[in-house]
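Residue numbers (the working numbering): 38 to 181.
Glycine included, C-beta positions come from ideal geometry on N, C-alpha and C.
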Ligand code: FES
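Shown next as structure tokens:
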């Protein structure tokens, strides 16, 4: 089947199978920030491309980290400064969710932040560096 969508601001057409996952489609189109993880929809990303059929994106706009490079750089810098990006596998999902959280929650407490990001798992860091980076990132406007 043929679908049409807007991927990171560009109109695209794709010939897909009925069971093609959105994750596979966007990776095929070069969006490698989107990762295959547990495939159980537990990561809590705003759109779970690992369990959404690409056919559902027909006629919609899809944004991956590749489409948010400028916005994502600032938090990525905080992660790097806190040594919170080891293998980096989880970083794109974490960054996407932090950007989504900023749009949804007004002045969240760290408890609300932890709850919002509970599905973002990391095999490497133990989360302390990520939380330090997050706290500094969220407080950056107070310090400016
Ligand atoms: Fe490796 Fe998070 S840095 S999984």
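The beta-carbon distance between residue 56 and residue 90, rounded to whole angstroms, is 7 Å. This is short enough to meet the 8 Å contact definition. A distance below 8 Å between beta-carbons, with the five flanking residues on each side excluded, links residue 113 to the following residues of its chain, in chain order: 122, 128 and 132. When the beta-carbon positions are compared, residue 43 and residue 95 stay at least 8 Å from each other. Residue 119 places its beta carbon 8 Å or farther from that of residue 155. Close CB contacts of residue 142 within its chain, under the 7 Å cut and outside five residues either way in sequence, are with 149 and 153 (chain order). For a cut-off of 8 Å, the C-beta gap from residue 58 to residue 71 is around 10 Å, too long to register as a contact. Sequence-distant Cβ neighbours of residue 83 in its own chain, meaning closer than 8 Å and more than five residues away, are 133, 134 and 137. No residue range can be given for residue 92, since it is assigned to no alpha helix (DSSP H) and is classified by DSSP as neither H nor E. The beta carbons of residue 100 and residue 45 sit closer together than 8 Å. Rounded to whole angstroms, the Cβ separation of residue 105 and residue 167 is 18 Å, and the two are not in contact under 8 Å. Placement of the Cβ of residue 87 at a distance of 7 Å or more from every heavy atom of the ligand FES is found. In this structure, the straight-line span from the alpha carbon of residue 159 to that of residue 165 is close to 11 Å. Relative to the ligand FES, residue 166 has its C-beta separated by 7 Å or more from all heavy atoms.
Bounds of the alpha helix (DSSP H) holding residue 132 are 128-141. In this structure, DSSP gives residue 173 a helical state, which the three-state scheme calls helix.
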